[in-house]
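Working notes, beginning with the structure itself.
In the working numbering, the protein residues as written are 62 to 743.
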């Protein structure tokens with residue numbers, strides 16, 4: 062989901078921590094250059110914001126500045142091809158309602174209007190006189206934002222308004238290149254790049270609206286149909302807010318930090334609670350692993366966002382929550398598992414991008430790859446190394462030789478979102494596991510803590526990270542990791558899972574996949590292997606089978622055993638003649654081969670079966686199909702023990718191989734007379 066950042070070189074002094082009278086301890090940034098004061102008017106009917114923005118900026122760049130540059134990221138919503146996306150890049154036409162736009166009305170300094178240009182998502186302000194080093198300036202920008210309709214990060218839908226990347230935000234100047242960062246917001250990945258600032262925001266909204274935002278609400282005043290919300294935020298590199306007249310909120314206090322979960326409908330409250338619990342757990346884990354969360358609040362907010370989730374300072378933007386009538390599904394479905402991983406991932410971004418920033422456009426490795434690894438590290442430590450979301454299963458099991466863009470690539474180096482995801486999300490995080498494997502857990506955590514402490518409220522680069530590795534673990538380790546990050550064919554063969562690990566991964570993946578399928582389709586063929594794990598499955602053959610039947614049975618058993626062994630399921634298969642089968646075993650997991658006329662057990666149990674197999678055809682509860690030539694299977698819960706399963710197989714007459722589709726969604730599947738296929742669920 063999603064899951065970026067820098068080029069200017071900041072000095073690396075040790076941060077001094079001091080405890081404030083708020084709910085958490087903050088580090089004083091060495092060079093906080095900017096503060097924002099804004100008065101914002103929200104117009105629900107027009108779907109607009111009108112704002113007066115005052116920016117106080119101190120020139121700490123060591124040279125005079127003739128112009129000052131702001132990013133106008135909302136302009137990226139003016140065309141489909143530039144619109145930020147969490148999925149495939151949009152093509153084609155978008156309606157006027159779906160377009161976003163920011164209109165700069167005027168820019169003034171000390172009451173005088175300044176000249177400016179707007180181009181390619183950049184506002185460039187020409188100063189009347191150069192701003193000398195260490196001098197300050199206060200600029201006032203009046204602007205109007207048209208909020209796009211849709212399911213993006215910025216937009217509105219279903220009476221929910223997501224205000225992200227919504228205002229002119231000061232860019233960063235690089236003295237080494239004598240230029241401001243003017244990269245537009247790229248449709249692949251993220252492109253945020255800003256220094257931390259303080260925000261003093263007043264937002265005028267209808268009195269029946271609820272707001273979730275960066276920072277903390279200092280005051281609310283209601284007069285008639287209008288409510289004015291004053292929000293203060295310190296040491297944040299962006300300010301976002303979400304609005305809805307339907308928001309409800311649940312909260313908990315986590316080590317002095319208030320964590321809030323905003324949701325829309327009462328029926329998704331269990332999911333909102335789940336997200337609150339996972340965010341709180343991750344916050345505690347990351348604080349213990351990497352350094353204390355440096356803000357007093359964290360908001361998790363349900364929005365119409367499509368395709369993933371997004372991180373912002375003190376706020377996580379989630380998509381719409383699913384509703385399941387069956388309470389168990391709120392715990393066990395694939396989608397809830399994905400949501401668990403998403404919320405842990407976005408909480409990790411509160412360390413990598415929010416607290417420690419970077420140039421997301423130029424070095425996505427420094428936030429996305431670090432966060433992907435941190436997420437897998439959380440699941441390893443909380444749920445064990447074989448959890449589907451852990452380092453072993455998510456990254457090590459996916460190691461293979463290949464050529465890719467290097468991990469230090471910028472977002473515009475990638476041809477498409479798929480390539481970006483493969484490199485930055487799936488492959489690059491393994492570098493961190495290589496680092497941990499090389500130096501050990503304790504020193505690895507020291508590296509991460511030292512990097513967090515050194516660059517808290519600053520922007521860090523890959524080189525800065527390598528320097529911390531060098532300082533903590535030595536030159537050789539830093540050189541190894543540098544080579545890995547810049548390589549196009551990185552292949553850490555030492556991290557490839559062992560045969561034992563691979564077998565255990567296969568087993569767990571198989572079991573999880575079958576259980577997920579069962580939630581939607583009920584029992585499927587693979588269910589019997591899960592039920593039989595570590596135990597026995599009885600395969601009951603016809604009395605006096607012909608030669609072809611013997612070969613079919615033999616091959617089926619070989620395939621079953623081979624599949625079970627490759628998955629590490631530990632199933633024993635006992636092949637028994639139906640005339641000699643002990644009735645005391647009728648409650649076990651059974652695979653019955655044949656029909657009512659040649660298999661005594663099938664005949665004995667046929668009154669409990671939904672299908673009768675005979676030499677003349679198939680007899681379902683509601684239909685009879687005459688056929689001398691048919692093959693296939695059906696499966697049911699064992700009527701003698703509902704915990705176990707029976708599969709009845711009628712193999713092809715003239716074929717020696719019959720394989721079940723273990724993941725197939727059907728409870729019966731027959732081919733009749735070589736032409737017709739009958740399949741479905743009971």
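Glycine residues also receive a C-beta, built at the ideal position from the N, C-alpha and C atoms.
| task | Would you kindly report the start and end of the unbroken beta strand (DSSP E) that includes residue 584? | result | To locate residue 584, count along the chain shown from 1; it is residue 523. Per DSSP, residue 584 belongs to no beta strand (DSSP E) and is neither H nor E.
| C-beta contact flag for residue 506 and residue 408 at 8 Å | The count along the chain shown starts at 1 and reaches residue 506 at position 445. The count along the chain shown starts at 1 and reaches residue 408 at position 347. Their beta carbons are not under 8 Å apart, which means residue 506 does not touch residue 408 by this criterion.
| message | Would residue 582 and residue 649 qualify as a contact pair, given that the criterion is a beta-carbon distance under 8 Å? | response | Against the chain shown, residue 582 aligns to sequence position 521. Against the chain shown, residue 649 aligns to sequence position 588. Going by C-beta atoms, residue 582 is not nearer than 8 Å to residue 649.
| field | Residue interval of the alpha helix (DSSP H) (run including residue 546) | value | Start at 1 with the first residue of the chain shown, and residue 546 comes out as number 485. 536 to 547 is the extent of the alpha helix (DSSP H) around residue 546.
| task | Determine the DSSP secondary structure at residue 744, reduced to helix, strand or coil. | result | Coverage of the chain is limited to positions 62 through 743, which leaves residue 744 absent and any answer about it impossible.
| Inter-residue CB distance, residue 237 and residue 259 (contact presumed, cutoff 8 Å) | Here residue 237 refers to the residue found at position 176 of the chain shown. Here residue 259 refers to the residue found at position 198 of the chain shown. Going by Cβ atoms, the distance from residue 237 to residue 259 rounds to 27 Å, so no, they are not a contact pair.
| field | Residues bridged to residue 114 (per DSSP) | value | Taking the chain shown and counting its residues from 1, the one referred to as residue 114 is at position 53. Residue 114 is bridged to 99, 202.
| Alpha carbon of residue 478 to alpha carbon of residue 250, nearest angstrom | Taking the chain shown and counting its residues from 1, one reaches residue 478 at position 417. Taking the chain shown and counting its residues from 1, one reaches residue 250 at position 189. Approximately 8 Å between the Cα atoms of the pair.
| Could you give the uninterrupted runs of the alpha helix (DSSP H) lying entirely in the segment 450 to 535, keeping only those of 4 residues or more? | 452 to 455, 478 to 481, 491 to 500, 502 to 516, 523 to 534
| Proximal residues to residue 83 (C-beta, below 6 Å), its chain only, five neighbours per side dropped | Looking up residue 83 in the chain shown gives position 22. For residue 83, the pLDDT reaches just 34, beneath the cut-off of 50, and the residue's location in the model is therefore unreliable, leaving the point undetermined.
| message | Between the alpha carbons of residue 712 and residue 617, how many angstroms are there, rounded? | response | As a working note, residue 712 is residue 651 in the chain shown. As a working note, residue 617 is residue 556 in the chain shown. Going from the Cα of residue 712 to the Cα of residue 617 covers about 10 Å.
| query | If you draw a straight line from the alpha carbon of residue 124 to that of residue 434, how long is it in whole angstroms? | reply | Position 63 of the chain shown holds residue 124. Position 373 of the chain shown holds residue 434. One C-alpha to the other measures close to 39 Å.
| query | DSSP three-state call for residue 88: helix, strand or coil? | reply | If you number the chain shown from 1, residue 88 lands on position 27. Model confidence at residue 88 stands at a pLDDT of 39, short of 50, so the residue's coordinates are unreliable; what they give is reported in the following sentence. Reduced to three states, the DSSP call for residue 88 is strand.
| So, is residue 500 buried or exposed, given that buried needs 16 or more other C-beta atoms within 10 angstroms? | On the chain shown, position 439 is the one that residue 500 refers to. It counts as buried.
| field | Ranges of the beta strand (DSSP E) found wholly within the segment 245 to 295, counting only runs of at least 3 | value | 258 to 267, 271 to 274, 277 to 284
| field | Cα-Cα separation between residue 192 and residue 121, rounded to whole angstroms | value | As a working mapping, residue 192 is identified with position 131 in the chain shown. As a working mapping, residue 121 is identified with position 60 in the chain shown. Roughly 10 Å separates the two Cα atoms.
| task | Determine, using beta carbons only, whether residue 524 and residue 420 come nearer to each other than 8 Å. | result | Looking up residue 524 in the chain shown gives position 463. Looking up residue 420 in the chain shown gives position 359. The answer is no: Cβ separation not under 8 Å.
| message | How far does the beta strand (DSSP E) with residue 637 in it extend, from its first residue to its last? | response | In the chain shown, the residue the question calls residue 637 occupies position 576. First-last of the beta strand (DSSP E) with residue 637: 633 to 638.
| said: Let me confirm a value: residue 187 is counted as buried when at least 16 other C-beta atoms fall within 10 Å, else exposed. Which label applies? | reply: Residue 187 sits at position 126 when you count from the first residue of the chain shown. So residue 187 ends up on the exposed side.
| said: Please state whether the Cβ-Cβ distance between residue 166 and residue 177 is less than 8 Å. | reply: For this step, residue 166 is matched to residue 105 along the chain shown. For this step, residue 177 is matched to residue 116 along the chain shown. No.
| task | Take every Cβ of the segment 656 to 670, pair it with every Cβ of the segment 716 to 736, and state whether three or more of those distances are shorter than 8 Å. | result | no
| task | Assign residue 403 to one of two classes, buried (16 or more other C-beta atoms within 10 Å of its C-beta) or exposed (fewer than that). | result | Here residue 403 is taken as the residue at index 342 of the chain shown, counted from 1. Residue 403 should be labelled buried.
| field | Given 8 Å, three or more beta-carbon pairs between the segment 631 to 644 and the segment 587 to 606 | value | yes
| task | Pull up the distance between the alpha-carbon of residue 735 and that of residue 693, whole angstroms please. | result | Looking up residue 735 in the chain shown gives position 674. Looking up residue 693 in the chain shown gives position 632. Their Cα atoms are separated by approximately 11 Å.
| query | Going by beta carbon distance, what residues of the same chain come within less than 6 Å of residue 431, once the five residues before and after it are set aside? | reply | As a first step, residue 431 must be located in the chain shown, where it is residue number 370. So the qualifying residues of the chain are 413.
| task | Could you say which of 411, 627, 540 lies nearest to residue 564 if we only look at CA atoms? | result | In the chain shown, residue 564 corresponds to position 503, counting from 1. Among 411, 627, 540, the Cα nearest to that of residue 564 is on 627.
| message | Under DSSP, the alpha helix (DSSP H) around residue 349 begins and ends at which residues? | response | Reading the chain shown from its first residue, position 288 is the one you call residue 349. Start and end: 330 to 351.
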